[in-house]
Amino acid sequence: MKVTLAGTESLTNYIAALKANDIEVINTLDVEEALKCDGLLLPGGGDIDPKYYGEEMNGSDEPDRELDKAQWDVLDAFVKEKKPVFGICRGMQLINVYFGGSLYQDLKTKDAHSRKNGVDSVHSVKSIVEDNLFENLYGKEFFVNSAHHQGVKKIGEGLISVLEANDGVCEALLHKDLPIVATQFHPERMSYEQRRDDTVVGEGIFEYFKSLLKG
């Protein structure tokens, strides 16, 4: 099995988590090359240009517009082929925007979600949809890491918000028809060599993604 890891940020932890599941990783933003893979992982990173959800800059950090366009095109190709997609942090936000959703450009409660001195925040999340993937893995309420200042506002068409933080910020999305899973938190930094004592173990999410690759 091969997965396209379409990003430019530090990708070491994503690669390690995928390889721990015996998944070959191809890092490319080329659509033709990407589609040779069985699935797509959209990693974390900087803010998306708000023009993609019809807004002016209003709290977003300066976007990498070249990356926005490249990731959008790769995501579009995988969605049209109905191939599995896993979005993490920025990746989840891009998926939401792709399906017509929008973002809070700067959360009022960002202090509870953003990194401090280079260290992830930790907070609890709760399941808001009965019997969803995450509830089945971790129960109705559990702790995750956090490293973002933006969040999902309007939910994209076909997507279901299944987890929320205590302040109402969306923490995970699933698509009702397509093999798409997305988290606002970073399971790659809660898995394998990156396991931590103050959050759940993120490995089950990667195992679920692997099961999607098998069809």
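Residue 1160 is where the sequence shown starts when you use this note's numbering, and the numbers rise one by one after that. Note that beta-carbon positions come from the ideal geometry of N, C-alpha and C, so glycine has one too. Note that the structure is a prediction, hence the values are computed from the model and not measured.
Check	Outcome
8 Å contact criterion, which G1218 and D1265 should meet: CB distance rounded	3 Å
Same chain, Cβ closer than 6 Å to D1208, neighbours up to 5 away in sequence not counted	P1222, R1224, D1227
Beta-carbon contacts of E1352 that lie in its chain and below 7 Å, excluding the five residues immediately before and after	A1175
Whole-angstrom distance between K1312 and D1197, CA atom to CA atom	30 Å
For S1169, the nearest candidate out of P1202, L1333, S1286 (CA to CA)	P1202
Bridge-paired residues (DSSP) for T1342	I1247, A1331
Proximity below 8 Å, CB of I1319 to CB of V1278	no
Straight-line Cα distance separating G1361 from A1236	27 Å
Runs of beta strand (DSSP E) lying entirely within the segment 1251 to 1299, each at least 3 residues, in chain order	1280 to 1286
Rounded straight-line distance, which links the Cα of P1338 to that of E1240	11 Å
From N1186, K1210, A1331, residue whose alpha carbon lies closest to that of F1301	A1331
Proximity of E1138 and N1172 at Cβ, strictly below 8 Å	Here the chain covers residues 1160 to 1374 and nothing more, so residue 1138 does not appear.
Sequence-distant residues of the same chain with beta carbon closer than 6 Å to L1194, five excluded per side	A1236
Identity of the residue in V1303, Y1297, G1260 nearest S1280 by Cα	V1303
Other residues of its chain near R1249: CB distance less than 6 Å, five sequence neighbours each side excluded	G1203, G1204
Length of the line joining the Cα atoms of E1105 and L1177	Nothing can be reported for residue 1105, as the shown portion of the chain is limited to 1160 through 1374.
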